[in-house]
Structure formats: C-alpha cells, structure tokens
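Chains as they are written, first to last, in UniProt numbering: chain Z, 1 to 384; chain R, 1 to 384. Heads up, the thing below is written out as structure tokens.
Protein chains: 2
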Amino acid sequence: MTVTTPAGFTAAGVACGLKSSGALDLALVVNTGPSDAAAAVFTSNRAQANPIIWSRQAIGDGRARAIVLNSGGANCFTGHPGFQTTHATAEAVAEHLQLGAGEVLVCSTGLIGEQLDRERLLAGVASASDALAPDGGQDAARAIMTTDSVPKTAECRDAAGWAIGGIAKGAGMLAPGLATMLVVITTDADLDSASLDRSLRAATRVTFDRLDSDGCMSTNDQVTLMASGASGVAPDEQDFTAALTEVCMQLALQLQSDAEGASHDIHIRVTGAASDDDAVEVGRSVARNNLFKAAVFGNDPNWGRVLAAIGTTSAEFDPYDVDVTMNGVRVCTAGGPDRPRDEVDLTPRILHLDIDLKVGAHEALILTNDLTHDYVHENSAYSS
Amino acid sequence: MTVTTPAGFTAAGVACGLKSSGALDLALVVNTGPSDAAAAVFTSNRAQANPIIWSRQAIGDGRARAIVLNSGGANCFTGHPGFQTTHATAEAVAEHLQLGAGEVLVCSTGLIGEQLDRERLLAGVASASDALAPDGGQDAARAIMTTDSVPKTAECRDAAGWAIGGIAKGAGMLAPGLATMLVVITTDADLDSASLDRSLRAATRVTFDRLDSDGCMSTNDQVTLMASGASGVAPDEQDFTAALTEVCMQLALQLQSDAEGASHDIHIRVTGAASDDDAVEVGRSVARNNLFKAAVFGNDPNWGRVLAAIGTTSAEFDPYDVDVTMNGVRVCTAGGPDRPRDEVDLTPRILHLDIDLKVGAHEALILTNDLTHDYVHENSAYSS
C-alpha cells in the first residue's frame, strides 16, 4: 500500500551516504504512463528551499514523469551552489530515464543551511534508477524518513478499478501551510492535471493543512500527486477527491502519531463556529499554546489554558459562553467550571478536546501533539 | 527600591492561606496622596479575568487610591461568583481604608478556572490593611509571586526630587499584549492621569510588550501606575516617560531572567527593517519558534530555524538577503552559510541574536527564552 499500489508506477529507495547512519536516503518514483498529469502544493513559507524553487517551476505545465526525494539535508539557504545541486539532480534523473529535466520534480529534507554532497547524491540517482521496481514503494517510503520512527503509507482502491497510493515523511516542523512534510501520492486514475490540482487542494486543505504539531512551518514542504491513467478509468472528480482526502487523512494521522517526542495525539474539534475560518483559527490557537500542550503531557486537564488561548483569536465568540469537553467530560460550561477536572482521564494516547463556541454551525478538526521532554530533547540535539 | 520608594505610598504583603505553602499571597499598595491620579494598561486577551473586568471600570476616571493583588488563584472563568469575590475584595479594602470601592483596583494571579476562597481573601484584606507601612513594598513584591523564584523590584530617582518605584511578578504565560504579568509602579511626581496614561503606554510598548517568553497570552495582565504628587514636583512629561521606560525595562529584564525553566535569555535585535511593525513581527516569529528555542537550550546555533521562522512573516525582506549573527559570530550572510556554526559559544546565559533584514532603518528588541525540559516540567505539573 504505497506509491506503487496503483498501476503505472515504479519506485526505488537506496542509500547513497547522505545519512551518516548508512540508512536509505534517496527515493525515486516514476510514472510510466500512459498519462503524465500531475499536481503539487508547496509550503507557504516565504523562505523556500532550492528543491521547492525547482519543483514549482517544473510542475508549472501540470506534467511530471518522476520525482526524486532525498533525506539527509534540506538544501535550503545554501545559495547558488545549492540550487545547482538541485538542478544537477533533476538532470541526472532525466538522463538515466531519458526524460527532460523539466519532467522531474525534486524534494529534500533534513538540516537547513548545509550543502548536500552532490557527488553522493548523483551516485544515488544512478543506483535508484537501476533499482526501480513495480514494488519499490516501501523502500521509497523508508528512504524519505528523517526523525520518523516508522515509514508512512496509505492506499485506497475503488471498485471501478482505480487506486490511490501514498507515502509521507514528517515528524517535526509540522505546521500548516502545509503541515511540514514530504508526500508523494500516485493514482492510476485517468484525470487531467486541472482536476488533479483541484482534488489535491481540496484534500490537503482539510487534512495536512489541519495538522499543526509544533507550530513551526517548514521551508521544504511538498505534496505531489501523479496520475498514470494506467487503469483506463476516468473517475468522477468528486469521488476521486473523496478517496484522495481519505488517503491524505490516513497519512496525516500517521504523521501526527509519529510526531517528535509526542506522548499524546490531540484531536481538537471546534464546533458552533460562525465560519470555517473561525473554527480553524480557534483550533490552531489552542494547538500552538505551549502551556496547554505541556499540561496535556502532564495528564493535566487544564481547560483554563484552552480558554486563554481562544481569547487571543479574532474569532466570533463570547468568552463567557464557551463549552469545553475533554475525553467526554464537560469540564467547562459557559466559560465557568463544570465537572471536576480529576474526572478526566488523560492517560490514553489520544485526547479528544471538544470546544463549542455556540455562535454558529461551522466546525473544524485540528490535529496536534503535546509538548514533552522528548520533544525538547530531540530538537535541542538535532544538528549536533 | 519598590512601590514604597516614592513618597506618599504605603504597602503590605500578608499570608491569608490562598497558597497552600503558607507563603505571602496578598499585597496591598495605597496612595496616601495628595494626588490620586493613576493609569493602567490591561491584557489584550479577549478572555479577561474578573479582576481585569473590575479594574478597567474602576480606572475609567483616571483615579485610584489603592490596589489589592492576590496570588494563589487567577479568578478567571469563575462565573458570577468569581466576579462577586472581586467586588467583595474591593469593598473590603474600601471599608478598611475609608475609601469608595471605585477607588480600589484589583489584580489576581494563579490557576484559571478555580474559585478563590473568599473568606480567606477578605481576612487577608483586613490583616494587610493593618500591616500597611511606608516600607512595606518588599513584602508586597513577595506576596504577588507565583512560580517566580525571586521578587522583582526597580526604582529610578530624579535629581529634581521625584522618584519612581515598581514591583512585578511573572514567570510563565509571558507574551505581549501585555507580557503576562502583574506590575505596580508608583511615583511621587505630580502628573495628571492623562499624562500618566500617555507615559505608561509609551513605556510599556517598548518594554513589557516586547517580552515574549513563551507566546502564551494571559487573562490577568495588568500594569498599574499610581502618582501621589507627594514630591511636589511636576516633571517634564518626556523626562518622566524616559525614567518610567527605564524602570519598566529593569522589571522586564528581571521577568525574562526568571522565566519558568529557562536556561537562556535571548535578546533578539532586528535591524534593517522597513518599519517598526516589521521589526517586531520578525522578532516575535523567532521568539515563538519552538524548534529554534529548543536548539538554543541545546547550545545549538541553528540559524536555519531562524530563517524558517522569518519566512512565516509578512515583513518586507528578501529571504536570500538576510544576515544572522549569534553572540558576535556572523553565521549567515545573505541567506547562506557564513562562519561555521561551531564558532558560536552558546554557553553564556544571554544569547545576542542579531537579524539584519537589510531593507530599511527600523529596528526592535524582542526578549525571549529558550524551551527547556524544566519549562515542560513546570508547566506539565502546575495545577496538579
């Protein structure tokens, strides 16, 4: 259940020495057609890595034959030499696969501000090209891992004969616009690039864009969707979007549960909002409140910190008419204490936090994690 | 060097049992005149504690004779009974001091969402009224402490014969609008409430509002300035504002160095900005980036995380023409690597982080702290 689940794709994951551990660090996914329609969404961070700058250009025509992804270095803030490395990577893939460089997308992930070893990277492209296989998706999923503890994969098969498969990596710097990650999704459905683009934007908006693990927006986010058309089936766009959203949500939940150092997955459901934007703003303000997140780590149902976080938003609500429920226990009614906080059991991995703003009919689900000793530890020692 | 440094003030700090430790938990500061001019600024959090709601009303006429502050409970999200407690506290102070309740400001700090013990609080008001003394400022400074490890006090004496004194508390939930804190500042200068208000807003804008320890905005912030006029001197407003700014900065720096669990005080100086707002926005985005803050805790000069944080702002700048210097070592020039990161020594308590946006002549200083195991520990165990 990976990018090689749909027909018309090959993939590989190899080790080329970018990671000092010797682990897999270069992935290649190739669309063997007949179609080469593709779409991608990118980080909204204004500081963008070299591969993002390259891929934005390359996807401009809605077509891509291959995507090459490396871990072991973000190739961001590496100046002109860094961009040349990205360009050379795309050229090398193109040469090995007899494509144009403009048909090759590039992604990188790892430490910012260090040059990638170009020689190793290009040698990796050569071995990955040789290793391409119709069942290579699992290796590709492993090769894009950084601090991830497990590879993330998902799939969805439609009775009409088409399928969607995906791989993802991401454990830190998870915040919307996009949630910070690399994702490759493939399908053998036959859809043009405009449809793919609409479906991808619709699906990411309510999945990856709602994942906000630590509020830190990456410079290297990219979610790419490639369609081979190999099933010969052209699905209804709405059906396809629904299936794609399901695959994206599966991957987003896997990213959440593998977030660096996290001991809780927090599902913040905001209801009763005056608009979708309000619901999302309220959810995010809670998801980014370090005091609340540290309290959850301590299994402390500190709902006052939830209300203090909501109070910083511009959403429509009355601070003294908000209800807060944690794991089914209504701890706050109309902005005042309700059930005693010690009735809330926060020992399960998942915390369901429900916030009812009581002013409208809109809602949103925001996914986040708690703030733990392990988060601090992992992120205080990352580059050293 | 406290609120009783200027002439015309008495103060007291007593223990009334709001803190289970038995430590001082109720402070009273009284302006004995002749003037009763006052000004105050409040949290911009829309979720406001009961004492904030009270004090906003009471200060409406620019006059205050007394301020009573309790630790051991925030009296926020405690509904109508909570507001009655605040009201009763002001009434009790008024009765003991033969004032009107509208001349009494109230502040509370501690856990949100729990009722204060009104009986203990009112008994505390009685003992504090009895204990009022011209040298009671130190006790008052101690009585407002929560997780503070030391009391915070400051003063400034002018050669013309007037003085300013202040006390502050705040260690967590430190973020602008205001930085989360209770502050009482007194002066024996003779200034009307409109002048006090202008001076206070000018001083807090560049001091407390630039302190952003953990990005979490409180529900209980209040900075109050009371003028007795007892020196008989009416200073020039500009001179007074400069002295007041100095006192506020002294207190802000004390709050920063006592921030919960912090092991570094980070001074983020943003220069070359197109506007003051841009400089502040950039500084705050870095101050709120958990990945950067965790890296500083690990003595890791991870400047890539600085640039990634700047990229999330709307400030005018070119991501590939930003310079970053840490403790005097230029690690990034024009958005690319400069000096090796291992030349930076992050073992001192203070980290001077200089960011040059190179597009204008505006600048700002933002004060923050690192993200540490102790921060997580203190905030995961606060209410339990």
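Beta carbons are placed, not taken as given, at the ideal position from N, Cα and C, and that holds for glycine.
N45(R) and G304(Z) closer than 8 Å at C-beta: no
Same chain, Cβ closer than 8 Å to Y320(Z), neighbours up to 5 away in sequence not counted: A334, G335, G336
Between the CA atoms of S71(R) and G110(R) - distance to the nearest angstrom: 6 Å
Burial state of V184(Z), where buried means 16 or more other Cβ atoms lie within 10 Å: buried
Cross-chain neighbours of W54(Z) in chain R, by beta carbon under 9 Å: By Cβ distance, chain R contributes nothing, its closest Cβ being about 15 Å from W54(Z), past 9 Å.
Three-state class that DSSP yields for K169(Z) in the structure shown: strand
Helix, strand or coil at L111(R) according to DSSP, with G and I counted as helix: coil
Cβ contact check for the stretch 158–165 of chain R and the stretch 363–371 of chain Z: 3 or more pairs under 8 Å: no
N369(Z) at chain R interface by Cβ criterion, 8 Å: no
Cβ pair S228(Z), G82(Z) closer than 8 Å: no
Nearest neighbour of A49(Z), chosen from S314(Z), H267(Z), V106(Z), D318(Z) [CA to CA]: V106(Z)
Contacts that V376(R) makes with chain Z (C-beta to C-beta distance below 7 Å): A294, F297, L371, T372, H373, V376
Contact between the stretch 291–304 of chain Z and the stretch 255–271 of chain Z (3+ Cβ pairs under 8 Å): yes
Residues near L291(R) in its chain [Cβ-Cβ closer than 7 Å; skip 5 each side]: R305
Alpha-carbon to alpha-carbon, A315(Z) and D278(Z): 5 Å
Under 9 Å from the C-beta of G79(Z): neighbouring residues of chain R: Y320, A334, G335, G336, P337
Euclidean distance between Cα positions of Q115(Z) and S21(Z): 18 Å
Same chain only: Cβ atoms within 6 Å of I52(R), ignoring 5 sequence neighbours per side: F42
Within chain Z, partners of N45(R) - CB distance below 7 Å: A308, G311, T312
Where the stretch 62–77 of chain R meets chain Z: residues whose CB sits under 8 Å from a CB there: A74, C76, F77
Rounded C-alpha distance that separates D239(Z) from R201(Z): 15 Å
First through last residue of the beta strand (DSSP E) which encompasses Q222(Z): 222–227
Contact list for the stretch 275–294 of chain R against chain Z, Cβ threshold 9 Å: R288, N289, N290, L291, F292, K293, A294
Collapsed DSSP secondary structure at R349(R) in the structure displayed: coil
In chain order, each alpha helix (DSSP H) run of at least 4 residues that lies wholly inside the stretch 214–288 of chain R: 237–257, 276–287
C-beta neighbour in chain R for T347(Z), strict 8 Å: no
Straight-line gap, G79(R) to T85(R) (C-alpha atoms, nearest Å): 10 Å
Where P337(R) falls: helix, strand or coil (DSSP): strand
C-beta neighbour in chain R for T245(Z), strict 8 Å: no
I310(R) (DSSP reduced to helix, strand or coil): helix
Separation of A143(R) from I67(R), as counted between CA atoms: 13 Å
Inter-residue spacing [alpha-carbon to alpha-carbon] between A38(R) and T187(R): 10 Å
Stretch-stretch touch, CB-based, cutoff 8 Å, three pairs: the stretch 321–329 of chain R with the stretch 343–354 of chain R: yes
Other residues of its chain near V322(R): CB distance less than 8 Å, five sequence neighbours each side excluded: L307, I310, C332, A334, G335, I355, D356, L357, K358
N- and C-terminal bounds of the alpha helix (DSSP H) containing residue 385(R): Nothing about residue 385(R) can be reported from this structure: the residues present for chain R run from 1 to 384 only.
Integer Cβ distance of T89(Z) from V125(Z), believed to fall under 8 Å: 6 Å
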